[in-house]
Each structure stands twice: as C-alpha cells, then as structure tokens.
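Presented below is the structure to which this report refers.
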Amino acid sequence: MSIHVPVLIGQQEQHKALRASLLKPSTSVESQQEKKIRTLEATVRSLRFELDKRDAEIRQLKTDVADRNARVLDQAHKLCELMRIHSDEEEYVEIRSVKDIVDEVLQDYPGITMAQIVSVRRTRELITPRHRCYYEVYRQRPDLSFPAIGRYFKRDHTSIISGVKKLRTGDER
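The sequence shown begins at 1 in full-length UniProt numbering and counts up one residue at a time.
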C-alpha cells in the first residue's frame, strides 16, 4: 500500500495543477472583459461630456446669432427712419459720415488732430474734444451703437457712454 499512496498523491497534484490552469484563464478572460467594459464606459462618459459641452456651445451660439440679428434689424430700422423721404420735399435725409462730424467738432479746437483724438494719450487738453466728438457722433448718428462708435475711436463702448454722459450732465471740466 505504501507504493500506491505516492502515485495517488502525484495524481492529485497533477489534477490540482490542471484544474488551476483551466480555471485561471477564465478569470483572466473575465478580468480582461471587465477592463474593456470599464474602458468603454469611460469613453462613453467622456463622449457624453463632450456632446453636452457642444450642445451648450450650440445653444449659446444660437442665442448670440439671434441677438446679433435683432441688433442688425434694429439698426436697419433706425437707418430707414434716417433715410426716409420727406413727404413735402421728397428728398433723402443726409447721413453725415463720422469723419465729417469729427472734423466739424475739431474746428473748435485748433491744433488737435483726429490722430490725437484716436490715440491712447489721456492728457487734459484731449479729453474735452474727445468727449465732444463722442457726443456729436452719438447725437448726429443714432443709427450707430455705442460699440460701433467705440470701434471708430478705438475705444471700449463704456468709454463712449461715459463721455456722452459727461457732456449731457455738464460734468466736463
């Protein structure tokens, strides 16, 4: 019997090794599949995030386009009002160019040029003529928005608003 026992023990060990080798690949296949699933889920989440982000951008762009169209229509209406034919005279209302308006204002300020008005200098002798130019362009060209006037003078629209308000209220020094 003692000869028979080692043979059985050897067979048992072979059986255990075979069983372990058969079971091990299946768990490795399962873990590989789980990794692939997790990777795919992560990809789906990132794509979903990108899609949501693009949807938000599209909504914002649609809003911006609608806003821009409304502003263009508003300016077109103002322009049509300015160019309306007088019923008695049947003449078009003349729209003066911004340059003509500025040149007229600068006649009151000898020695100051358009280049100085548009420059970044903030000296005292330029502030009043600059604000007068803003105000006259605003008053004589109601078809132009504050940002449009600001682009002409190379300024932010808030600078134009401030200059116009100062001349309206008499805050100019």
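Yeah, the Cβ is synthetic: ideal placement off N, Cα and C, and Gly gets one too.
Note that the structure is a prediction, hence the values are computed from the model and not measured.
Own chain, CB closer than 6 Å to residue i, minus 5 neighbours either side, in chain order
i: His86; result: With a pLDDT of only 42 at His86, under the threshold of 50, the placement of this residue in the model should not be trusted, and no figure is reported.
i: Ser146; result: Residue identity differs from the one stated: residue 146 is Phe in this sequence, not Ser. Only His157, Ile160, Ile161 meet the Cβ criterion.
i: Tyr109; result: Pro129
Range covered by the alpha helix (DSSP H) that runs through residue i
i: Val105; result: 98-106
i: Ser162; result: 157-169
i: Ile127; result: 124-140
i: Ile112; result: Here Ile112 belongs to no alpha helix (DSSP H), and DSSP marks it neither H nor E.
Alpha-carbon to alpha-carbon, residue j and residue i
i: Phe49; j: Ile58; result: 14 Å
i: Leu18; j: Arg38; result: 31 Å
i: Ser21; j: Gln14; result: 10 Å
i: Val7; j: Gln33; result: 40 Å
i: Leu47; j: Asp55; result: 12 Å
Same chain, Cβ closer than 8 Å to residue i, five either side skipped, listed in chain order
i: Arg130; result: Ile117, Phe153, Gly163
i: Ile112; result: Leu106, Glu125, Leu126, Pro129
i: Leu78; result: It is Lys, not Leu, that sits at residue 78 in the sequence shown. If we look at Lys78 and ignore the five residues flanking it on each side, its Cβ neighbours are Pro142, Asp143.
Whole-number beta carbon distance between residue j and residue i, since they are thought to touch under 8 Å
i: Ile160; j: Gly170; result: With a Cβ gap of about 18 Å, Ile160 and Gly170 do not count as contacting.
i: Leu167; j: Arg132; result: 7 Å
Spatial neighbours of residue i in its chain, beta-carbon cut-off 7 Å, leaving aside the 5 residues before and after
i: Gln140; result: Arg96, Ile101
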